[in-house]
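Below is one structure; the comments refer to it alone.
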Amino acid sequence: MDIAAWLRSLGLEEYASAFRDNDIDAQLLLHLKAEDLKELGVASIGHRRKLIDAIADLRDEDARSSNVSVDRPLPAPTAASPEAGAERRQLTVMFCDLVGSTALASRLDVEDLREIIGAYQQCVSDTIKRFGGFVAKYMGDGVLVYFGYPQAHEDDAERAVRAGLALIDIVNELELSDPLQVRIGIATGIVVVGDIVGFGEARERGVIGETPNIAARLQGLAEPDTVVIGERTHHLLGHLFDFRDLGTLEVKGYSEPIRAYQVLRPSILDSRFEALHGERLTPLVGRENEIEALRHCWQRAKGIEGQVILLVGEPGIGKSRITVAVLEEIANEQRTHLCYFCSPHHSGSALYPIIRQLERAAEMSPDDDTSTKLDKLETLLAATSTAAEDCSLVSDLLSLPSSGRFPTFDLSPQQRKSRTLQALVRQLEALAGREPVVMIFEDVHWIDPTSLELLDRTVERIRMLPVLLVVTFRPEFTPPWSGQPHVSMMTLGRLGQRDGVALVEHVLGQQDLPAEAIQGIVERTDGVPLYLEEFTKAVAEMCAEGDHAQSTASPASLGIPATLHASLMARLDRLGAAKNVAQIAAVIGREFSHDLLAAVAPYAATELRAFIDQLTSSGMVFRRGTAADSLYLFKHALVQDAAYNTLLRRPRQQLHGKIARTLEELFPGRAAREPEVLAHHFAKAGQAARAIDYWLIAGKQAAQRSANLEAIDHFSRGLKALEALPLGSEKDWKELALQTALGTALISVHGYAASQTGAAYARARILCQKFGDAAALHATLSGEFVYHFVRGDRAMMRRLTKEARRTAERTGDDAFQLAGHRMDGITAMYDGSFIEASHEFETILSLYDPDRHRPPPVLYIHDPKFQRLPTWRSSSGFSGNRTPRGVWPSKRFGMLKN
Numbered sequence: 001m002d003i004a005a006w007l008r009s010l011g012l013e014e015y016a017s018a019f020r021d022n023d024i025d026a027q028l029l030l031h032l033k034a035e036d037l038k039e040l041g042v043a044s045i046g047h048r049r050k051l052i053d054a055i056a057d058l059r060d061e062d063a064r065s066s067n068v069s070v071d072r073p074l075p076a077p078t079a080a081s082p083e084a085g086a087e088r089r090q091l092t093v094m095f096c097d098l099v100g101s102t103a104l105a106s107r108l109d110v111e112d113l114r115e116i117i118g119a120y121q122q123c124v125s126d127t128i129k130r131f132g133g134f135v136a137k138y139m140g141d142g143v144l145v146y147f148g149y150p151q152a153h154e155d156d157a158e159r160a161v162r163a164g165l166a167l168i169d170i171v172n173e174l175e176l177s178d179p180l181q182v183r184i185g186i187a188t189g190i191v192v193v194g195d196i197v198g199f200g201e202a203r204e205r206g207v208i209g210e211t212p213n214i215a216a217r218l219q220g221l222a223e224p225d226t227v228v229i230g231e232r233t234h235h236l237l238g239h240l241f242d243f244r245d246l247g248t249l250e251v252k253g254y255s256e257p258i259r260a261y262q263v264l265r266p267s268i269l270d271s272r273f274e275a276l277h278g279e280r281l282t283p284l285v286g287r288e289n290e291i292e293a294l295r296h297c298w299q300r301a302k303g304i305e306g307q308v309i310l311l312v313g314e315p316g317i318g319k320s321r322i323t324v325a326v327l328e329e330i331a332n333e334q335r336t337h338l339c340y341f342c343s344p345h346h347s348g349s350a351l352y353p354i355i356r357q358l359e360r361a362a363e364m365s366p367d368d369d370t371s372t373k374l375d376k377l378e379t380l381l382a383a384t385s386t387a388a389e390d391c392s393l394v395s396d397l398l399s400l401p402s403s404g405r406f407p408t409f410d411l412s413p414q415q416r417k418s419r420t421l422q423a424l425v426r427q428l429e430a431l432a433g434r435e436p437v438v439m440i441f442e443d444v445h446w447i448d449p450t451s452l453e454l455l456d457r458t459v460e461r462i463r464m465l466p467v468l469l470v471v472t473f474r475p476e477f478t479p480p481w482s483g484q485p486h487v488s489m490m491t492l493g494r495l496g497q498r499d500g501v502a503l504v505e506h507v508l509g510q511q512d513l514p515a516e517a518i519q520g521i522v523e524r525t526d527g528v529p530l531y532l533e534e535f536t537k538a539v540a541e542m543c544a545e546g547d548h549a550q551s552t553a554s555p556a557s558l559g560i561p562a563t564l565h566a567s568l569m570a571r572l573d574r575l576g577a578a579k580n581v582a583q584i585a586a587v588i589g590r591e592f593s594h595d596l597l598a599a600v601a602p603y604a605a606t607e608l609r610a611f612i613d614q615l616t617s618s619g620m621v622f623r624r625g626t627a628a629d630s631l632y633l634f635k636h637a638l639v640q641d642a643a644y645n646t647l648l649r650r651p652r653q654q655l656h657g658k659i660a661r662t663l664e665e666l667f668p669g670r671a672a673r674e675p676e677v678l679a680h681h682f683a684k685a686g687q688a689a690r691a692i693d694y695w696l697i698a699g700k701q702a703a704q705r706s707a708n709l710e711a712i713d714h715f716s717r718g719l720k721a722l723e724a725l726p727l728g729s730e731k732d733w734k735e736l737a738l739q740t741a742l743g744t745a746l747i748s749v750h751g752y753a754a755s756q757t758g759a760a761y762a763r764a765r766i767l768c769q770k771f772g773d774a775a776a777l778h779a780t781l782s783g784e785f786v787y788h789f790v791r792g793d794r795a796m797m798r799r800l801t802k803e804a805r806r807t808a809e810r811t812g813d814d815a816f817q818l819a820g821h822r823m824d825g826i827t828a829m830y831d832g833s834f835i836e837a838s839h840e841f842e843t844i845l846s847l848y849d850p851d852r853h854r855p856p857p858v859l860y861i862h863d864p865k866f867q868r869l870p871t872w873r874s875s876s877g878f879s880g881n882r883t884p885r886g887v888w889p890s891k892r893f894g895m896l897k898n
């Protein structure tokens, strides 16, 4: 680099001789500070500011050219430094620079300078290691440090600041001929880390993102022997430290000013809050009042005074732990317990928690054939079914063809849904007739609408049954059962200090921890059981690894997402190679099966089993079943989220696509039963067309079960996915299918007159006209006509009638002829033209052929004859043409019999 030319480009060529006389080359230029420029004779403050900004730009260019990465041999592969690829994660970056190094270089012998720089670098290395950081790169007298990679800790931001303050003290204490000072800048943000760049010995692990550059800029703003942090880091630290607000500062290269704070000293906190996640089930503490209330309700329930407990609380407050305690409390009593788990991924799947409970209760295996499953179902229902119809309905609910074993019933979707719910309530009644029942319904904030309808019936019915029902949910759910005499609301609060200490001691078990450390944990966790357990586990793991000094480190009082993310990221990194299995499982969903995971994960059977055992032993997932039949459940949804979010967008999309294709090819039965799951994976894979196809299938299946709210949700998701498709006929055809099906479901839920019903049919009609699809136009015109009829818009009724007539003439379709006569008749009747209306209805009766004109029951298209008989009689009567007595009732009764 030509220093003189660079100065000329800045308009500061008068300083070229000073730079040349003091041997300032391109490498030294990057490390010049304001005091160095003063010694070089740059007296003007404006010139110094201009040079400092220009040097900062050169540093940025140098950092980008090296990709701000590790210039040392790569560490041995671990889960935290995966050879498999990069990750997206939160990183706290420290940039530490030695003050006055240029002056030192100008007056010291190079060997003396080497000893000073070596001592400084060793001091930095030792201190950073002690605080759990990672020295990513030495750049002359500057050091780049990461906290949160390759190993995350739940308190990385705090560790970085404590390390910075410690470095200032330790560097000042170095016994050197010249005292040293440092400047430190710290920033926190989301980066992509782990990409391997370069070849051979030049291989480096890069970090992409603005966070390292911000840390370098903050370092440039710091005074000697101070630590300056950015706003995100300050937010994470809360009041762990005392700060001086430096305000918003204009920094070259950034359009928005940067808010900066100087760290003064550690502070003493009155209250702390840390998100925790428990490794294993611990004894219940601090819930004596709640357990006593539940015990009282159970006694009343056994006396045939059914009780309902609505258990509400924030995530992590211990709702699930209370339900376990209920079952533990009555473990030795004669009782039946039923547990239902709502799923965030199946809130649109009708009766999902009930289906899964039945499959678990019947001990069905994925490898069971239909006959075996039916045997198990029959055994389960043998003691409780009050009618053969119940077995038929339940087997249909589980998508099991009865193969003649159970009687079949020709029911409409509405009838099937109603009778299925009645059958499920009868099952409960039969169980309660044998012995008292405890029902646990968890996470009802994720419940599907049909299950909620069943729960409505159950709450009402158990009033006179020996049943205790405990329903858990988060505050965002509003229960519709409050206020009933047999329903009680129980809101869980946080634990007090004494109970917090007891819970920490239970988690520690036989492991010792200083009393002050335990007290610190209780203060930091602020009484939330989930967080108490998680933080205690993390500290215990650090102590077990020999990092006892960190066991009393105090993370900031943060919101739940930030602190829980840090804690879970640390646990994920500790999994080693099993972390990748957790990531793949997280893409599958909250619940995942061994067979699907084995089909998707790139591991041999024995290797995968070892990884899964590690996940379960860590408490991250629960196992149900044994061997290849196992089902697994992430203990908390946030555990799954943490693993899922570490994956970059492209590999995450690829995994979603692989899962969807695997379900199609290897698990067609599962794909057929849960098309909404395939739709979800194809949507996340960026394959909108495939996702739309499965949303349509899922919606139609839901509609066939009269689960119309779920159907509307599926169809709406399909319409949303259409936005990703390019304009063209394929997009329009898919929209036509979705809009037509959506209109049908909307009628059932919101009625004919709802604006969304009319909008769906109007859009479908436009698309039908575009393609000339007569079959779809029939259903569309019928639905839209009734929409305008109910709203009293006779102008639109006449317009749609003419369109039906024109279509009938053009296509020769007799279904359209009947539709045209029906629309004409209704319009004429409500216009007062009763003779014309009667003529139209008589024409329908003469043309009607039941084999060709009777619609399938799932379609909300009116049967032309059945629906017109009453209007024919009315119009005939109004026109003065009396229908012979008994003719109309006999005709309609004959159709009803058929």
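For what it's worth, the UniProt record's numbering labels the leading residue of the sequence shown as 1, then goes sequentially. Think of the CB as a built atom: it goes at the ideal place given N, C-alpha and C, for glycine as much as any other residue. Quantities reported herein were computed from a predicted structural model and do not represent experimental measurements.
Alpha-carbon spacing of residue i relative to residue j, whole angstroms
| i | j | result |
| --- | --- | --- |
| D813 | F841 | 18 Å |
| S846 | F816 | 15 Å |
| Q299 | G306 | 10 Å |
| A222 | L32 | 14 Å |
| A688 | A502 | 52 Å |
| Q654 | V587 | 10 Å |
| G132 | D178 | 29 Å |
| E476 | D613 | 35 Å |
| C123 | K129 | 10 Å |
| F19 | A578 | 55 Å |
| T282 | L454 | 33 Å |
| N332 | L338 | 16 Å |
| S100 | G220 | Before going further, note that residue 100 is Gly rather than Ser in the sequence given. About 13 Å. |
Alpha helix (DSSP H) segment containing residue i, residue limits
| i | result |
| --- | --- |
| E223 | Careful: E223 lies outside any alpha helix (DSSP H) and carries neither H nor E. |
| M464 | First-last for M464: undefined, no H or E at that position. |
| Y830 | D814 to D831 |
| P726 | Careful: P726 lies outside any alpha helix (DSSP H) and carries neither H nor E. |
| T127 | V110 to R130 |
| Y761 | S755 to F771 |
Start and end residues, beta strand (DSSP E) containing residue i
| i | result |
| --- | --- |
| H337 | T336 to F341 |
| P413 | No beta strand (DSSP E) holds P413; the alpha helix (DSSP H) holding it covers P413 to R434. |
| G500 | Looking at the DSSP string, G500 is not in any beta strand (DSSP E); the run it does join, the alpha helix (DSSP H), is Q497 to L508. |
Buried or exposed (CB count within 10 angstroms, at least 16 for buried), residue i
| i | result |
| --- | --- |
| S255 | exposed |
| T408 | exposed |
| M464 | exposed |
| F771 | exposed |
| Q27 | exposed |
| D573 | buried |
Residues of its chain near residue i, where Cβ-Cβ distance is below 7 Å and the 5 sequence neighbours each way are ignored
| i | result |
| --- | --- |
| S267 | H239, L240, F241 and D242 |
| Y830 | R794 |
6 Å CB neighbourhood of residue i in its chain, flanking five on each side removed
| i | result |
| --- | --- |
| S748 | N708 |
| T616 | R623 |
| residue 901 | Any answer about residue 901 is impossible in this case: the structure gives the chain only from 1 up to 898. |
| R799 | none |
Selection from the options that minimises the alpha carbon distance to residue i
| i | options | result |
| --- | --- | --- |
| H656 | Y146, L596 and A672 | L596 |
| residue 949 | P675, N22, S9 and R88 | Past the boundaries of the shown model lies residue 949; the chain is included only from 1 to 898, so the question cannot be answered. |
| Y340 | R287, I692, D448 and H234 | D448 |
| L742 | G728, E723, D773 and E784 | E784 |
| V522 | G509, T372 and E505 | E505 |
| A764 | H750, G751, A754 and S782 | S782 |
| G318 | G493, K373 and E329 | G493 |
| K140 | F147, R89 and I117 | Just to set this straight, residue 140 is Gly in the shown sequence, not Lys. Cα-wise, what sits closest to G140 is I117. |
Proximity test, residue i beta-carbon vs the ligand NAD heavy atom, cut-off 7 Å
| i | result |
| --- | --- |
| E453 | As presented, the structure is devoid of all ligands, the ligand NAD included, so that no description of it is given. |
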